[in-house]
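Numbered according to my numbering, the sequence shown spans residues 96 to 408.
In this text, a Cβ means the ideal position worked out from N, Cα and C, and glycines have one as well.
Okay, structure first, notes after.
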Amino acid sequence: MKVEKSSQDLESEVIYAGLCIHCGSCNAFCPHMDFNKETGEAYVVDECAETIGLCYNACPRTFLPVNEIENKMFGKNRIDLGIGVYNDIIQVKSNNSDDVLYNLIKTAFIEKIIEHIVLGEQKSEKPPVAFPVIIDNAKNAKNYIPKSTIANAGPLLTGIGQAYLEQKKKVGIIGNPCHLQGLSKLLTSDFNTGAKETVSLKIAYACSSGGMSGCKFCIDFSGEFSDISYSPWGAPKGEIMLIIRTELGQKVVDRAISKKLIEITEKNPNLSEMKKFLYKKRKKNFKNLIGKSLITAKYLRLNLHDLKELLEE
Ligand code: SF4
Ligand code: SF4
Numbered sequence: 096m097k098v099e100k101s102s103q104d105l106e107s108e109v110i111y112a113g114l115c116i117h118c119g120s121c122n123a124f125c126p127h128m129d130f131n132k133e134t135g136e137a138y139v140v141d142e143c144a145e146t147i148g149l150c151y152n153a154c155p156r157t158f159l160p161v162n163e164i165e166n167k168m169f170g171k172n173r174i175d176l177g178i179g180v181y182n183d184i185i186q187v188k189s190n191n192s193d194d195v196l197y198n199l200i201k202t203a204f205i206e207k208i209i210e211h212i213v214l215g216e217q218k219s220e221k222p223p224v225a226f227p228v229i230i231d232n233a234k235n236a237k238n239y240i241p242k243s244t245i246a247n248a249g250p251l252l253t254g255i256g257q258a259y260l261e262q263k264k265k266v267g268i269i270g271n272p273c274h275l276q277g278l279s280k281l282l283t284s285d286f287n288t289g290a291k292e293t294v295s296l297k298i299a300y301a302c303s304s305g306g307m308s309g310c311k312f313c314i315d316f317s318g319e320f321s322d323i324s325y326s327p328w329g330a331p332k333g334e335i336m337l338i339i340r341t342e343l344g345q346k347v348v349d350r351a352i353s354k355k356l357i358e359i360t361e362k363n364p365n366l367s368e369m370k371k372f373l374y375k376k377r378k379k380n381f382k383n384l385i386g387k388s389l390i391t392a393k394y395l396r397l398n399l400h401d402l403k404e405l406l407e408e
């Protein structure tokens with residue numbers, strides 16, 4: 096799918112409209128877009144002659160064809176409106192002094208599922224704070240494992256474009272749900288960006304809010320377009336909910352367990368607490384979308400059935 100719009104439309108519909116969440120998808124593979132190296136905010140560098148702009152088509156806030164992305168990424172549509180497509184949800188804890196997230200990354204490096212990873216380096220206190228860094232081994236990755244989604248908010252997707260330019264393969268990422276939305280558009284679009292050859296494991300950090308003004312229009316809590324979603328939300332203290340969506344995600348979790356880096360504490364966890372966070376965010380932000388303008392909600396392309404279910408949650 097390619098929409099015939101370009102950077103001017105991206106500016107007017109997303110950046111100036113207050114929808115931008117500074118994810119870096121628009122400037123990951125387009126030389127006419129960049130992000131401000133002080134504030135992390137996206138901007139158009141120069142006018143291009145494109146009528147079908149990669150920036151517009153990569154942005155998760157211009158349009159998000161959820162069903163189409165799910166079918167292309169997972170070969171099926173969601174079984175749960177709020178959580179998305181998944182194969183399993185387990186509750187785990189770390190078996191060592193490292194946290195679960197780092198143990199998953201360490202496993203992915205050991206098993207050569209990834210050879211590099213895009214992580215965020217915190218540059219300031221006010222989101223977007225995380226600027227992309229490309230890390231080449233598990234030891235260095237430890238310094239950049241996000242402790243919260245606010246600390247992980249910023250143009251991380253630009254790191255995927257940079258990794259491609261550096262001809263890196265098997266590149267992982269720990270992103271907020273919005274990063275994974277942008278990446279999923281790049282991975283499933285009809286543009287030949289190089290993202291498909293570059294990206295491997297995608298881990299999402301479940302997010303109530305990234306602390307940016309555009310966050311109030313976000314209804315993805317769990318990181319629906321990841322291989323694994325990591326949620327401390329709704330798990331007992333010191334434990335984590337892992338939503339496993341793909342075979343690749345399952346492989347990483349299985350290996351981390353067999354190496355005794357993490358262990359399952361509950362195979363069939365009670366999801367009610369996690370769903371409370373999830374529905375609270377979705378309901379509140381969906382009302383923000385409608386309140387701002389029904390036009391603003393068009394990026395989700397919701398039909399009446401979706402609207403009814405969202406408002407009933
Ligand atoms: S792709 Fe991300 S950074 Fe770029 S305009 Fe859209 S939301 Fe903002
Ligand atoms: S709420 Fe979280 S996932 Fe949503 S746009 Fe903000 S940082 Fe991204």
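Return yes when at least one heavy atom of ligand 2 lies under 7 Å from the C-beta of residue i, else no.
i	result
residue 128	no
residue 193	no
residue 125	no
residue 321	no
residue 268	no
residue 304	yes
residue 283	no
residue 310	yes
Shortest alpha-carbon distance to residue i belongs to which of the options?
i	options	result
residue 291	301, 298, 299 and 280	280
residue 317	176, 349, 230 and 283	176
residue 261	242, 228 and 237	228
residue 167	226, 249 and 285	285
residue 264	204, 249, 369 and 115	204
residue 409	310, 313, 278 and 118	Because the chain here runs from 96 to 408, residue 409 falls outside it and cannot be looked at.
residue 244	230, 282 and 327	327
residue 414	173, 191, 189 and 190	Nothing in the structure corresponds to residue 414, since the chain is present only between 96 and 408.
residue 189	158, 340 and 333	333
residue 102	122, 116 and 117	122
residue 132	234, 251, 336 and 299	251
residue 375	345, 321, 314 and 343	314
Where does residue i fall in DSSP's three states?
i	result
residue 293	helix
residue 111	coil
residue 211	strand
residue 317	coil
residue 375	helix
residue 239	helix
residue 130	strand
residue 298	strand
residue 137	strand
Is any non-hydrogen atom of ligand 1 found closer than 7 Å to the C-beta of residue i, if you look at the structure I gave you?
i	result
residue 225	no
residue 153	yes
residue 119	yes
residue 105	yes
What are the boundary residues of the alpha helix (DSSP H) that residue i is part of?
i	result
residue 169	161–169
residue 258	252–260
Quick one: using the 10 Å Cβ neighbour count with 16 as the cut-off for buried, is residue i buried or exposed?
i	result
residue 359	exposed
residue 126	exposed
residue 219	exposed
residue 96	exposed
residue 276	buried
residue 179	buried
residue 100	buried
residue 151	buried
residue 144	exposed
Starting from residue i, trace the beta strand (DSSP E) both ways and give me its first and last residue.
i	result
residue 270	266–270
residue 226	225–230
residue 326	323–326
residue 337	335–339
residue 359	357–361
residue 187	183–189
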